[in-house]
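Chains as they are written, first to last, in this note's numbering: chain W, 212 to 715; chain V, 212 to 715; chain S, 212 to 715.
Just so it is clear, CB atoms sit at the ideal spot from N, CA and C, and this is done for glycine as well.
Structure first, then comments.
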Amino acid sequence: MSSTAWRLDPDRGFDPEPSRRTLARDLYATVRNLPLLCPHSHVPPALLADPEACLGDPASLFVIPDHYVTRMLFSQGVSLEDLGIPARDGTPVERDHRRIWQRFAEHFYLFRGTPTGLWLADELVNLFGVSERLDGASAQRIYDHLEAQLARPEFRPRALLARFNIALLCTTDSATDSLEHHRQIHAAGLARVRPTFRPDALLALDAPDWPAQIARLSERSGIDVVDYGGFIRALEERRVAFRAMGALATDHGVLSPTTARLSDGEAERIFVRALRGAADARDAARFTAHMLMEFARMSCEDGLVMQLHAGSLRNHHERLYARFGPDVGADIPVATEWTRNLRPLLNACGADPRFRLILFTLDESAYGRELAPLAGHYPAVLLGPPWWFFDSVNGMRRYFAEVIETAGVYNTAGFNDDTRAFASIPARHDLWRRVSCDWLAGLVTQGLLAADEAVDLAYELAYGLAWRAYCRGSATSGLPLFHVKPAAKDQPRREDEHSASSTT
Amino acid sequence: MSSTAWRLDPDRGFDPEPSRRTLARDLYATVRNLPLLCPHSHVPPALLADPEACLGDPASLFVIPDHYVTRMLFSQGVSLEDLGIPARDGTPVERDHRRIWQRFAEHFYLFRGTPTGLWLADELVNLFGVSERLDGASAQRIYDHLEAQLARPEFRPRALLARFNIALLCTTDSATDSLEHHRQIHAAGLARVRPTFRPDALLALDAPDWPAQIARLSERSGIDVVDYGGFIRALEERRVAFRAMGALATDHGVLSPTTARLSDGEAERIFVRALRGAADARDAARFTAHMLMEFARMSCEDGLVMQLHAGSLRNHHERLYARFGPDVGADIPVATEWTRNLRPLLNACGADPRFRLILFTLDESAYGRELAPLAGHYPAVLLGPPWWFFDSVNGMRRYFAEVIETAGVYNTAGFNDDTRAFASIPARHDLWRRVSCDWLAGLVTQGLLAADEAVDLAYELAYGLAWRAYCRGSATSGLPLFHVKPAAKDQPRREDEHSASSTT
Amino acid sequence: MSSTAWRLDPDRGFDPEPSRRTLARDLYATVRNLPLLCPHSHVPPALLADPEACLGDPASLFVIPDHYVTRMLFSQGVSLEDLGIPARDGTPVERDHRRIWQRFAEHFYLFRGTPTGLWLADELVNLFGVSERLDGASAQRIYDHLEAQLARPEFRPRALLARFNIALLCTTDSATDSLEHHRQIHAAGLARVRPTFRPDALLALDAPDWPAQIARLSERSGIDVVDYGGFIRALEERRVAFRAMGALATDHGVLSPTTARLSDGEAERIFVRALRGAADARDAARFTAHMLMEFARMSCEDGLVMQLHAGSLRNHHERLYARFGPDVGADIPVATEWTRNLRPLLNACGADPRFRLILFTLDESAYGRELAPLAGHYPAVLLGPPWWFFDSVNGMRRYFAEVIETAGVYNTAGFNDDTRAFASIPARHDLWRRVSCDWLAGLVTQGLLAADEAVDLAYELAYGLAWRAYCRGSATSGLPLFHVKPAAKDQPRREDEHSASSTT
């Protein structure tokens, strides 16, 4: 069976015009080996809590949990059952992981021109040493190869954490999480792994499992949540616990970034209605808008950076949700209004020097119209990197083209990979570093930026901005984080392996 | 009188960077002569029904019926009366076609930088052999030349159908059309010409001519439409008739793609109200939303591909509409919501393997935000090519840049020309083929796609995607369609003139 | 103290691909020295009324009044107090202009990649002869240099008006302005400086200072405004006065471009309610929508070009507004609907040959969807250049890419600088000329435009379009304006210093 050699272009992501390409290469060389800051991810902390944890077999690593992959196959007629996605309604699903892998390999051509295709190619070739192109013919040979690699100790998550040169890895954790995994991780000396406080489930007043969430909050916080005041105190208590484990930030996922303060009386009435099981969708929406104001207030007080991800209509496909639950690739964005919606929150806290708010959108039309002007005015606001569907070559290019002229580089938050696929982290950062260096090279070759400024900005985009957005000045526990400063002018950039600074 | 030679750049549409241009040329060479699939057009079937039909004189071919042309002249102060657009209110209009042509020629510079300008140049130079640039000075000489060409038998529509290498041409036909023209066309052995079922006029419950439309529906279907049930049966009967004439698809033009199923009782009440002449705009909108659900159901059952064109506010200029009727270049797009609007329909049918829904937008901000994620999830959804104003070099480039990274190439429907200007068909397809090859060349030269993958995708974009979207698996009458398969790997691409396959 | 030499790339704004760059340079050479038409600006006429007026010191010229500059520093934690912005609530602010300049210089790196950075560099280097890069170390040396330059007679505003080769400079003036400055300017023979009629403050029925505005209108017009009829007559009287001073246009800034004619009775009732101090925000919005219709009617009658700037939510940051008032960089755009909103106005006047309406948007998603189709249909509509945040390299590129294919070049209004920073005028026009020539060079090198057409269009974009939009055919006082016609074909372009034509 013939096979096609798989080799990645060392200049991928760079414009072919020679003067620009040469400069992009030079800039990229200054940042490609900088440590990775991953201030927002969905990596399961369990992977790093257990020193013996493995990444699993090829199907359970690359296919089953990755909704970027499964939605594309689903869109072309492959059922989620055939991809082995666990069904919560008891429907039997494929259990043979080699057959799942085979189906994936036969459809791998669907990812041509997509970031998922680029990430997977980078992982398979550069991380796992695959040498022939993935398709139906090569599928089983490559499965064998990957299985052998994954069995080796250097592919254990903790080994990869070091090999990937990850200087910070923030997970995303329910506000009611025990943080037990993080305790184990820190006990192993991996202070660079941090939890992030995500209280979304506690705001879904009309969800069936909300009472259970409140019960868990009471249990974890030691505060019996029987009224609105207790709810606020319990949240504050949990934030203390997260900060003690080194948390740098909170994260909030909302359909709309509406913010509006309720009177205490009104908040109390809605909360009590919810405790009686009588809250409806409108109550939940108003309460969420109010709680965003409260979370901003808490961030002013405790220094946790506030991240806001808005605009995803979750679980659009109802039958799929009933069978497989959330996060199977059926979340579809909607148009999102920021200017009016954030006005109450920003008028309350947007100029508070203790506050930092990082915004993430799935509506690119808001980049230049609303988000860049907001970030270019309010001291607290930074604009997060292109998110989800837009974490892509063109997504990044549009982001640079539409955001920077108004917001400037320094009102952005650098990159984060936002991934649950641990092994894809280097590929994602690498693509960002390539595309950002190519963008800077474009500015220089068009006479719009000086060459030395481009070197500074390449460092900022790869490392400095994310460091300042999340790590500098945060009121955390003082757990040390490794930090790389920019090279002094007139000297080649050099990583100083011995410099380490605390985050406080 | 001096004249300027008119010569088109053989590399038009290609980036000037040499490595990219070379590759774009090579890719284009593999697809430029592939047969044309035209699965959505507005070509009048009368043109092909009569073997002696002619395209008319230069003004009636290039100016009077083309709202792309007339709107631009109107925007610069030329009246529609002076362009000879027939007035339905009896206003006298210009009847001297040489004077109309002269006005057009004097304003031809207005089309610089527009797709209409590119198409017209391609038609005039490459199809009609015009050799000097069109302006006021050359107008009458070129009129003479065109008149002579148009009188020749090789410029009759049927001759051009063969010369253009059109393998499929779908017209757009009222649901109440007699299909008599198509019968004549098929009798002449031109099975590649197909009708498309367009029932829009039957949903405009509040329009003055709706009763007449219903009367015609009753007559054509043989079912006396006196209630909602009869209406549905009559529509189903008409779909049977369209399929018997080889129809592959339906087409639906709506202001908003709202979908929502009414109860049978409610549908009946609205329909009866309309029969009494008492339906209002809200009734019409709710009924339309309901009928989209019904048409999706019918498509699941009979296999007709469902096309949905949304977002054009028709007849914005009321005085012009009163005098000249629709389609004079005064339709203006509006922002269009897809995620919430299509949810009911997609939850009902979006994963039905018998169903295919092709979406067309005039709101490009929805490409990456809503349409690509929907196409990248629901098996039934494909995204149609850039439509109307966006059938242009930059429109295509934005489409590729904003859609493909999320939806992938294979969830798109290839190209269609959507034209009523029969003679412009090759020019439009040629521009798409050029721009798509240039886009692929850009990916390859940036290291984001392998060269052999680009060859495959060039074929897909020029031919394969449209074939699969409309022809493969459609439950039609078995009328044979000519089909060109992609070249086998390791072999130069070659058209097999002898291979013909049915569509079933 | 080491310093970095500051030298601007002579090819800035041009694509690096050699064939395109060469052509861009050639095109730019044909337009770079054309006179500047500035038909929309916020330059204070006082600067030109007094022959001895100065531009001030470096801080009061470059920092304090420029909200593009101050918002960026504010976004990074510099207070407006520390930048010397005058506070209307009596808060003390920095009065040491050298310290303000120092703060600005230390933060100048924030403007990397922004149009403000490009304009400032051009001004400092090319206009003021600064030779080292601006940063904290060079700040005071550069202050000294600028101070010395600004003291020289050739840096007085009237001297710069000539040196900048400004052929038309329209200011923006309250409808109740005395026009005394303009009288002085014209008395000095500077007929190229013109007022623009801006009545916004008279439409804010619910604003605290509206009664004062009405009182001033009564005083200026000599008509006692005690009812709606008097209000209309007084506005018409003021337009006569503006036209007598050479006004070419009106300007209207609105949150939403809603247009809707009220009945006379309704207009009267709302107006009387406002005179009683009882109008609310809804009244103000409805009255504004009505008055836009009225202003369009007046423009049909008196020939003043109507400019409409929509979509800025002013004074988003309430605390800052309370302290510092408007125009401090806290205006944030919102999504803007044009198709439905302008329909009443365009149906009334959109095809009136006496009327011209120029539209400006902060919502780029409307460019291709709504604005280009409107401009490409209605004879009265032209699309203004990229506005405010989008007056930038990428903003212009998106404008060309999204507008021209539908609207054509000739339905656009050329460039205007919209600046209150008099010294930045040449830098802004120069950037537009560079980017437009580069865009045209791109079209030519891609075979989409002939080289001679590009020469014509370069002239149009730099000069001709703005001339025709504002100056040709306007029913003004006949004050002469200097005009440069395009070079005849086959001849090198040449400015005819002796040709001067009136605007009528």
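- Considering only V:L519, V:G540, V:A418, the residue with the shortest C-alpha distance to V:W549 is V:L519.
- With respect to the 8 Å criterion, S:R405 and S:L372 are not classified as neighbours on the basis of their beta carbons.
- S:A478 is positioned such that its CB atom lies closer than 8 Å to that of S:H501.
- Distance from V:G658 to W:D226 at the Cβ level is roughly 11 Å; contact not present, criterion being Cβ atoms closer than 8 Å.
- Ranking V:N337, V:S510, V:D293 by CA distance to the CA of V:H308 puts V:D293 first.
- Taking 8 Å as the threshold, the shortest C-beta distance from S:R282 to chain W falls below it.
- In this structure S:Q351 is exposed. Its beta-carbon is surrounded by fewer than 16 other beta-carbon atoms within 10 angstroms.
- Looking at the DSSP output, W:H520 shares a beta bridge with W:G464, W:F571.
- Taking 8 Å as the cut-off, the beta carbon of W:A507 is found closer than this to the beta carbon of W:F566.
- Cβ-Cβ separation between S:A673 and S:R639: approximately 12 Å, too far for a contact (criterion under 8 Å).
- The beta carbon of S:F285 lies closer than 7 Å to those of L291, G540 in the same chain, with the five residues before and after it left out.
- The residue among V:E317, V:G400, V:G267, V:A652 with its C-alpha nearest the C-alpha of V:L357 is V:G267.
- Between the segment 331 to 338 of chain V and the segment 586 to 605 of chain V, the count of Cβ pairs shorter than 8 Å is below three; the stretches do not touch.
- When CB distances to chain W are screened at a threshold of 8 Å, the residues of the segment 584 to 611 of chain V falling below it are P584, L585, A586, G587, H588, Y589, P590, V592, in chain order.
- The Cβ of V:N627 sits no closer than 8 Å to any Cβ of chain W.
- Around the beta carbon of W:S349, a 10 Å sphere encloses 16 or more other beta carbons of the protein chains shown; the residue is thus reported as buried.
- Within a 10 Å sphere around the beta-carbon of V:G606 sit 16 or more other beta-carbons, which makes this residue buried.
- Look at W:V465: its C-beta is not under 8 Å from any C-beta on chain S.
- Closest option to S:V592, judged by alpha-carbon separation, among S:P637, S:A562, S:R609: S:A562.
- Counting of Cβ neighbours within 10 angstroms places W:A216 among the exposed residues, the total staying below 16.
- Taking C-beta separations shorter than 6 Å and ignoring five residues to either side along the sequence, W:G488 has no partners in its chain.
- V:L390 and V:S635 have their C-alpha atoms some 24 Å from each other.
- Listed along the chain, the chain V residues whose CB falls inside 7 Å of the CB of S:V620 are R323, G324.
- Residue range 377 to 381 is occupied by the beta strand (DSSP E) that includes S:C381.
- Judged by pairs of C-beta atoms under 8 Å, the segment 415 to 429 of chain V does not touch the segment 460 to 475 of chain V, as fewer than three such pairs exist.
- The shortest C-alpha to C-alpha distance from W:P368 to any of W:T281, W:V655, W:A632, W:P422 is the one to W:A632.
- By the neighbour-count definition (other C-beta atoms within 10 Å, threshold 16), S:D420 is an exposed residue.
- For secondary structure counted as the beta strand (DSSP E) over 3 or more consecutive residues, the segment 241 to 318 of chain W holds these complete runs in sequence order: 247 to 249.
- Bridge pairing for V:L594: V:L570, V:T623 [DSSP].
- Residue environment for S:N244: exposed (fewer than 16 other C-beta atoms within 10 angstroms of its C-beta).
- Out of V:E305, V:R299, V:G347, the CA that lies nearest to the CA of V:Y320 is found in V:G347.
- One alpha carbon belongs to S:S230, the other to V:R232, and they sit about 13 Å apart.
- The three-state reading of DSSP puts W:E365 in helix, counting H, G and I together.
- Nearest in C-alpha terms to V:G288, of all of S:A583, S:P564, S:L259, is S:P564.
- In terms of Cα proximity to V:T470, the closest of V:R484, V:A495, V:F453 is V:A495.
- Rounded to whole angstroms, the separation of the alpha carbons of V:T547 and V:S467 is 6 Å.
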